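Novice: My questions all concern the structure below.
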Amino acid sequence: CINDLNVDPIDPNLDSKDKIYTDLNSYEQGLAKIYAGLAVSGQKGPAGAPDLGGLDEGASQYLRKYWEFQELPTDEAINGWGDPGQPELSQATWAASNVLVEILYYRMTYQITLANQFIRDTEGADFGEDDPTDRMNQMRAEARYLRAMSYWHALDFYGNGIPFTDENSAIGSTPPAPPASGFGGTEIFEFIESELMEITSEDAVQQLKAAKAGFVGQADKAAAYMLLAKLYMNAEVYTGTPRWEDAKVYLEKVINAGYSLEGDYANNFMADNYLSQEIIFSVNYDGLYTQSYGGTTFLIHGAVGGDMSAEEYGIDSGWGGHRSTTALVEKFEDGNEVQVDPRGMFYREHDRANTDLTKFTDGYAVVKYTNKSRLGYNGSDPNLTFVDTNFPVFRLADAYLMLAEAEMRMGGVSGTSMANLEEIWTRGNVSSDLQTAYKAELSSNPEGFLLDERARELYWEGHRRTDLVRFGQFSTSEYVWPWKGGDVNGKGLESKFDLLPLPSSEINANPKLKQNPAWM
Amino acid sequence: QERTLTGTVLDETGTPLPGVSVIFVGTTTGAATNFDGQYKLNIPEDASQVKFSYIGYIEQVVELGAQSIIDVTLQPDADQLEEVVVIGYGSAKKDDLTGSVESIDTSKFNQGAISSPQDLLTGKIAGVNITNGGGAPGAGATIRIRGGSSLSASNDPLIVIDGVPVDSDGVAGMRNPLNTINPNDIETFTVLKDASATAIYGSRASNGVIIITTKKGTRDGIQVEYNGTVSVGTPTGQIDVLSADQYRDLMIKQYGEASPEVALLGSSNTDWQEELMRNAISTDQNISVAGRTGILPYRVSFGYNNSNGILETSNMERYTTSVNLNPKFFDDHLAVNVSAKYVNVSNRFADTGSLGSAIAYDPTQSVKGSGDQYDAFGGYYTWLDADYNPITIAPSNPVAMLNQTENTSTVNRFIGNLQFDYKFHFLPELKANLNLGYDHSASKGGTYNPITSAWNYNITDPTMGGSLSHYDQNKTNELLDFTLQYDKELGDHRFNVLGGYSWQHFHQEQDDWWTNARGDSQADNPNAGTYAFATEYYLVSFFGRANYTLKDKYMVTATVRSDGTSRFSENNRWGIFPSAAFAWNIGKEDFIQNSAVVSSMKLRAGWGITGQQNIGGGNYPYMPTYIYGDERSQYVYYDPNTGKMIYPTIRPNGYDENIKWEETTTYNIGLDFGFFDDKLTGNIDAYHRVTNDLLNTVPVASGSNLTNQLLTNVGSLQNQGVELTLNSKLVQTGDFFLDFGVNFTYNRTEITQLTLVDDPDYAGVKVGGIAGGTGQTIQIHQVGYAPSSFLVYEQIYDDKGMPIEGAYVDRNGDGQITEADKYIAGDPNPDFMIGVNMRATYKNWDFSMSGRANFGQQVYNNVNSANSNLNGMSVSGFNSNRTADVYNTMFQTMQQHSDYYVQDANYFRMDNIMLGYNFNNLAGGKYNARVYGTVNNAFVITGYDGLDPEVSGGIDNNLYPRPRTYMLGVNLSF
């Protein structure tokens, strides 16, 4: 009877490795988990079997936290909820103990560990003739892509002092060490760079599908080029050495991959935005099969409230959370509170001023994302709780703007880039008068203009904090916006806020880590 | 011609002995003596002898002859006089015990409207703290023996019912797994507290053991007993919230007369809490038949309980059956014990979320809304948005939550065992015992909300709204125990050696499905779904015990148990758990024997190690496992040609391949004593307990595992305490008796280590989630403090004593208020507990009372901390009421981490008061009857601000209010 103690799981949902990874399709499901790691919060949608323990599940979703940290501390958005850590986010007054700082960190490091495990689990998996397209190696490359992306996120938020792991790191309780040179070092940057180089190389065994050959939501080489370009654009922030030329090389590869701007700007943010020809990489949602209280469900519900009609956006009810700051609204106006750039999608019935942080109706609502399709149909969830809208991570217009910026940094915006900008404006129904004014501003104040233009084209798409840091405008007292630094009119931040502190819980759990010196 | 026989039965001291069975040998005619020891019987024609018997006394048979009066004096039976106590895998004379064991029987149980067994025991035994989960009918309870010994693993004691250790995990659809047992069937509770007593149960005994034995048939003839009660439960109070007028005033003050927020106010004056509560009538009926026919002693009982909760709609209806058969064969060489218990429970659960909603619901709105926009919601007032759709983040109408939720369950559970106890014919000192146990429960339940329930409203197609869910759970636990026991007396020496083997298997499976109120299949309702789950584990053990007694004075016990669990890897699977104890029966020494003051005295000392493997979070913690995602957590790619490509996901789970036994070492020293001819008896125990390799869920370094929190062995904690029990027979006169008992407990639990290497900077593990914002915790496991201590900021007050919002003491003096300024402001565990009980009888009347007091624990008042911020009165289109505490703070925003909300929760609760009257010798001694009345939860004395200071876990939020219950009962026996 002692043999009874050797058990195998009898739970139909649970299996050991040799029983779960049996064919190509099962590995496809393992890989899908890494993608889903960006989109949902666990193994039960929308909640019930969380990936992370001890945290509010909906709030611990990757994209939700990523978006909040990219948008709420910036000039583009504020949120009035009183949940712990939340008010500090909108005001950029967080501390190392802030639970949201913790969640963001755990999400990124968890995603990296998940990718490591998948890559490890594919060791020796070879299905020979049953795998004519060598999908197995593509999958390995996709896992490495997703890992590189999370390393990039972690580098962008926390710097080079984060723990480093790869597929050779064992699972157990040995705390992993950060790269030898810690904060200020370049190892993480170099790791991301070399990984992306390899999986985009034509000679590598493990390489991504060709640019634009992947399914919507699947990482192909164009997604990797874009990620490399993002890395190079911010190289000076990350390593102290600018890499504009490299950025340009990869941006041109993206631009020449065959994407085109959507005829209608709004198409990129609708329930059927999988149809968009402009989106290079997206986090995919489905109202029935990919349910979460984070992601675009959070993004759309949170942006609706007050006397707005929820049904108009294809959802059952608003959560009244995030809305615009006046700093964002002004970028679309003529100086007299009249909107002139149609790309600004606001609900202007609420109060314009952000007087009370906790009051949703203090600030125009942003109605950029919706669970309605181009033809006006609702998303697939009949309850209108969970949305179909994919989150556009990278899209062509961003590549255009990045290229213009890289050229500007290297001397001047090229004619090609000027044409790209005109294409963006015309698509956005920007009047020719305003286009002329924009051009004038671009030549007189190229840096200021491009930062503003990125907000106009890309607001609420999760780029803002990185952009502001790159332009040196995130913590500065020269450029302030409502609630920056905890002041209703805004005030400068200490420069340490350009990076987040490592969460105190992690410093507690891993004696090999050192807090970022600026935060000690 | 009828002859009658009368007489009086006295005990050895000349005191009348009530309840003595008087029966004519060879007939069924008999009676029991009344309170004065008297009996009266008609003598049947064929009678020649009359037999007097009473438990613990030597039976006497008297030749009848021509006598019409027979008075007898019964002599105590030396063998039986000594109380026999059930211990692990056997029983022992109380005198021979070396461990800390306490036993209480029916005569000492709490009385009254008791539907759950643990309520019989509350406050009765030192070191045992029972906190029920609130006032719901059949509510569960948290039982802690000597505080908890673990952090993340279970702190529940092992419960053994008639030899079957039961699974402490819950049964779906049952508020309390102990509800399987009808309290009326219970004969004794025996609580094993120290390791020398519990170690024989090894792996599951770290938190003590409670052994429940049920009543069995013993006497000749048939004894029928009926017990029926009816009771009324009444609410005892409400949470103090703003009245409609107060709320209106405060809203105007906060937002201004002409504000949109004030415009949302209604004109009603609704007391939402009162709308939810009721006076609830309940009844309990029991009948039992016990006796002996031939070689077969038997007892069969049936019980019916119908309990209504004071929260509208909540109800429990329970049928219980129990059968005990104890035949003996082959000249008593083979004793067979058949024990079967069956319960059928039907519950309706009220949504206790309505209690929270009732606190926050706008008192200016009425229960039913006026206007046709509310028709879609059953007429209930509902917060609506501009499209007249429900605002999903607003609280739901509390009355609708109760009336539009049908959460019901039906559970059938069977616990049975078959025990063979064989004394070898050639060697009667050797006994073999085989115990086969089977515990099976089948639960079915689910929730129905109609399409009009606003929180399930479907705005695109209301007929698709509402919800219907169902679960089906089956649990089966099997047990096989085999022991060999050798008992030998050689002059002054007595040996008892026991060896055994135990095998247990725990199996569980569950199926769930859910859809809309209409019950659509998945083809018609894409949000319908199913989920199936199954799990199991095994325990295998070998154990032995040796007792040696010298001259009835010196006793030594040693036990060892080796346990294997399927939850750990082969390398860590087995744990060895030894114990040793020594006792000296000082009372039998000559110098005490002659003492006029000391009547008995025994000194006990013990040491032992017990293990723990009862962990939450799965039965495969050491194994790398992968879990499939469900249908709703898949990932979708889009193929421009073929459309959606949907993939389910596979997640690798976190695991600790080195996970192993948590070990608790206990030292115990105790003294049992009796003074003045045992008119004052009692015991005192002191213990020290250290748990190492705590099974503890801790944050792990990111990247080291596939989770952010891992269950692993890390840390140590210790408990120490003193327990004192005193029972006195204060008055013993002819017709007046007064017993008084008190027990006193001091316990302190402290975490001594939480990391693998000493790290003074390690803050600890945050626990204790609170309401009022997502993801907040208020408690921490921190080295140097009790588990789950409250970690908060120290509030600063103005000169009027009003807390200043956001102003906290900068405790580390670094000029800013950070996490580092938080401090430990108490913990939810009582330091001192006192239980008191008294019982008086005067002629046919009896009266008893029992109550208990807890001191030194704190409660976090989450009701106030989450519902008294001014800026929460109106949020995005709906209004919320505040508790009256808002006047004491006038906080604009929630200050949840202020120590203002950590409050002392000392209390005294009068658990029950009973008055009874006995009618003896009805119909010529054939019947006994008793009528009695009780009050349960008579009153509470406390300084705590909230509704009830007794809060399991220490966070006061949405507790089902405990009713005060008045009960009237009748007991008949013949």
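For the record, the sequence lines run as chains D and F.
For the first sequence, our numbering assigns the number 10 to the initial residue and increments by one for each residue that follows.
For the second sequence, our numbering assigns the number 2 to the initial residue and increments by one for each residue that follows.
Virtual Cβ for every residue (Gly too), placed ideally from N, Cα, C.
In this text, all values refer to a predicted model and were calculated from it rather than measured experimentally.
Where F:Q81 and F:V87 are concerned, what is the direct C-alpha to C-alpha distance, given to the nearest angstrom?
Specialist: Only weak support is given to the placement of F:Q81: the predicted model assigns it a pLDDT of 46, under 50, and the value that follows is read from those uncertain coordinates. C-alpha separation (whole angstroms): 14 Å.
Novice: Between the C-alpha atoms of F:A93 and F:L335, what's the straight-line distance to the nearest angstrom?
Specialist: The straight-line gap from Cα to Cα measures roughly 19 Å.
Novice: Report the three-state DSSP secondary structure of F:E479 (helix, strand or coil).
Specialist: F:E479 falls in the strand class under three-state DSSP.
Novice: Measuring alpha carbon to alpha carbon, tell me which residue in F:T453, F:P641, F:K254 and F:Y472 is nearest F:Q511.
Specialist: When each option's Cα is compared against that of F:Q511, the closest is F:Y472.
Novice: With 16 as the cutoff for other CB atoms within 10 Å, does F:H426 come out buried or exposed?
Specialist: With fewer than 16 other Cβ atoms within 10 Å, it is exposed.
Novice: Using the Cβ count rule (16 or more neighbours within 10 Å means buried), how would you classify D:L40?
Specialist: By the neighbour-count rule (16 or more Cβ atoms within 10 Å), D:L40 is buried.
Novice: Given a threshold of 16 other Cβ atoms within 10 Å of its Cβ, counted over all protein chains shown, does F:H494 qualify as buried or as exposed?
Specialist: The residue is exposed, with fewer than 16 neighbouring Cβ atoms inside 10 Å.
Novice: Taking only three categories from DSSP, how would you classify F:N404?
Specialist: Three-state result, F:N404: helix.
Novice: Please decide whether D:D65 counts as near chain F, where near means a Cβ-Cβ distance under 8 Å.
Specialist: It does: the Cβ of D:D65 has a partner Cβ on chain F nearer than 8 Å.
Novice: So, with DSSP's three-state summary, where would you put F:G769?
Specialist: In the structure shown, F:G769 sits in a strand (DSSP, three-state: E or B).
Novice: What residues from the segment 563-576 of chain F come within 8 Å of chain D, judged by C-beta to C-beta, listed N to C?
Specialist: Result list: G565, T566, S567, E571 and R574.
Novice: Verify the CB distance criterion: does D:Y268 have a CB-CB separation below 8 Å to chain F?
Specialist: Judged by the 8 Å Cβ criterion, D:Y268 is not in contact with chain F.
Novice: Would you identify the three-state DSSP class for F:A351, choosing helix, strand or coil?
Specialist: In this structure, F:A351 counts as coil in the three-state DSSP scheme.
Novice: Got a sec: which bits of the segment 352-384 of chain D sit with their beta carbon under 7 Å from any beta carbon on chain F, in order along the chain?
Specialist: Answer in chain order: T367 and F369.
Novice: Hey, how far is the Cα of F:T99 from the Cα of D:N15?
Specialist: F:T99 and D:N15: Cα-Cα distance of roughly 37 Å.
Novice: Compare the beta carbon distance of F:I779 and F:V766 with 8 Å and say whether it is the shorter of the two.
Specialist: Against a cut-off of 8 Å, the Cβ pair of F:V766 and F:I779 comes out as no contact.
Novice: With H, G and I counted as helix, E and B as strand and the rest as coil, what does DSSP make of D:P455?
Specialist: Helix, per DSSP.
Novice: Starting from D:T195, find everything on chain F with Cβ-Cβ shorter than 8 Å and list it in chain order.
Specialist: Under the 8 Å cutoff, chain F gives no residues; its nearest Cβ is about 19 Å from D:T195.
Novice: On the premise that F:Y902 lies in contact with F:Y861, defined as a C-beta separation below 8 Å, what is that separation, rounded to the nearest angstrom?
Specialist: Sure, about 6 Å apart at Cβ, within 8 Å.
Novice: With DSSP run on the structure shown, which of helix, strand or coil describes F:I288?
Specialist: F:I288 falls in the strand class under three-state DSSP.
Novice: So, at 6 Å on beta carbons, what are the nonlocal neighbours of F:A772 in its own chain, with the 5 sequence-adjacent residues on each side left out?
Specialist: Excluding positions up to five away in sequence, the list reads N863, A867 and N958.
Novice: For D:F136, decide whether its Cβ has a neighbour in chain F, counting only Cβ atoms nearer than 8 Å.
Specialist: False, the Cβ-Cβ gap to chain F never drops below 8 Å.
Novice: Going by C-alpha to C-alpha distance, which of F:N418, F:A264, F:S367 and F:M402 sits closest to F:N325?
Specialist: Per the Cα distances, F:N418.
Novice: Measuring only the C-alpha atoms, how far is D:E416 from D:E462?
Specialist: Answer to the nearest angstrom: the Cα atoms are 15 Å apart.
Novice: Kindly confirm or deny that the segment 9-24 of chain F and the segment 135-145 of chain D touch, where touching means at least three C-beta pairs closer than 8 Å.
Specialist: Not touching, per the Cβ criterion.
Novice: Mind checking if F:G704 is an interface residue toward chain D, Cβ cutoff 8 Å exclusive?
Specialist: At least one chain D Cβ lies under 8 Å of F:G704.
Novice: Closest to F:P527 by CA distance: which of F:T536, F:W515, F:E658 and F:A535 is it?
Specialist: Per the Cα distances, F:W515.
Novice: Using a Cβ cut-off of 9 Å, which residues of the segment 174-188 of chain F contact any Cβ in chain D, in chain order?
Specialist: Against chain D - using a Cβ distance shorter than 9 Å - the segment 174-188 of chain F contributes no residues.
Novice: How would you call F:V225, buried or exposed, if buried means at least 16 neighbouring beta carbons within 10 angstroms?
Specialist: The residue in question, F:V225, is exposed, as its Cβ has fewer than 16 Cβ neighbours within 10 Å.
Novice: Please tell me whether D:D367 and D:H359 are closer than 8 Å, where the distance is taken between their beta carbons.
Specialist: Position check: residue 367 of chain D holds Thr in this sequence, whereas Asp was assumed. Their beta carbons are not under 8 Å apart, which means D:T367 does not touch D:H359 by this criterion.
Novice: Identify each residue in the segment 871-889 of chain F for which the Cβ-Cβ distance to at least one residue of chain D is less than 8 Å, and report them in chain order.
Specialist: Within the segment 871-889 of chain F, the qualifying residues are N872, G873, V876, S877 and G878.
Novice: Determine the contact status of F:V784 and F:L757, defining contact as a CB-CB distance below 8 Å.
Specialist: The answer is no: Cβ separation not under 8 Å.
Novice: Using a beta-carbon distance cut-off of less than 9 Å, what residues from the segment 649-682 of chain F approach chain D?
Specialist: Here the close residues are P649, T650, I651, R652, P653, N654, G655, Y656, D657, E658 and N659.
Novice: Give every residue of the same chain whose Cβ lies closer than 8 Å to the Cβ of F:S268, excluding the five residues on either side of it in the sequence, and list them in chain order.
Specialist: Closer than 8 Å at the Cβ level, and outside the excluded window around F:S268, lie T365.
Novice: Could you tell me the alpha carbon to alpha carbon distance between D:N387 and F:D525, rounded to whole angstroms?
Specialist: Each residue's Cα considered, the two are about 17 Å apart.
Novice: Of all Cβ atoms in chain D, is any one closer than 8 Å to the Cβ of F:G609?
Specialist: False, the Cβ-Cβ gap to chain D never drops below 8 Å.
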